[in-house]
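Undergrad:
Residue numbers (this note's numbering): 20 to 153.
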């Protein structure tokens, strides 16, 4: 198993540096085919952050992450948590990191989430996961 740094994921997703994008895509394809690719949830969090900075839409960001999550031969840490957070992010207004925190809390038994983030707390798409604005 080989772990993959965020910059590999970003180069493949953005395709903004032709040489590095080609290398990144070849590496990801090869490791996935060999079932040797590991992606940490933190790398996905960083990837979302970079794609947002690079002005990708929420839809484009979700598609890029889903491509990784749906790839056969790819091990993603906390896959269920990342998938849940991505579903929340695709329908919400808060940042992916906030939804990742909310989803991880949910998976670990937290009944609600306290936050100063108004966008997250106003999000009614996830009413079964109460948020308390402080």
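C-beta: ideal position from N, C-alpha, C; glycine also.
1. How would you call residue 85, buried or exposed, if buried means at least 16 neighbouring beta carbons within 10 angstroms?
2. Along the alpha helix (DSSP H) that carries residue 86, what are the first and last residues, could you check?
3. What's the gap between the Cα of residue 61 and the Cα of residue 137?
4. Compute the Euclidean distance between the alpha carbons of residue 124 and residue 75, then round it to the nearest angstrom.
5. Contact defined as beta carbons within less than 8 Å: I believe residue 69 pairs with residue 29. What is the distance between those atoms, to the nearest angstrom?
6. What residues in its chain sit with their C-beta under 6 Å from that of residue 104, if we drop five residues either side in the sequence?
7. Which of the three DSSP states is assigned to residue 131 in this structure?
8. Residues in the same chain with beta-carbon distance under 7 Å from residue 116, minus the five sequence neighbours each way, listed in chain order, please.
TA: Checking against the coordinates, here is how it stands:
1. Here residue 85 refers to the residue found at position 66 of the chain shown. Burial call: exposed.
2. Reading the chain shown from its first residue, position 67 is the one you call residue 86. Here the alpha helix (DSSP H) through residue 86 covers 77-88.
3. Taking the first residue of the chain shown as 1, we reach residue 61 at position 42. Taking the first residue of the chain shown as 1, we reach residue 137 at position 118. Distance between the alpha carbons of residue 61 and residue 137 is about 24 Å.
4. For the purposes of this step, residue 124 is taken as residue 105 along the chain shown, with counting starting at 1. For the purposes of this step, residue 75 is taken as residue 56 along the chain shown, with counting starting at 1. For residue 124 and residue 75, the distance between alpha carbons rounds to 27 Å.
5. Here residue 69 corresponds to residue number 50 of the chain shown, with the count starting at 1. Here residue 29 corresponds to residue number 10 of the chain shown, with the count starting at 1. With a Cβ gap of about 5 Å, residue 69 and residue 29 count as contacting.
6. Here residue 104 refers to the residue found at position 85 of the chain shown. Counting only Cβ-Cβ distances below 6 Å, and skipping sequence neighbours, we find 118, 119, 122.
7. Counting from 1 along the chain shown, the entry for residue 131 is found at position 112. DSSP places residue 131 outside both helix and strand once states are collapsed to three, so it counts as coil.
8. Translated into positions along the chain shown, residue 116 becomes position 97. Only 64 meet the Cβ criterion.
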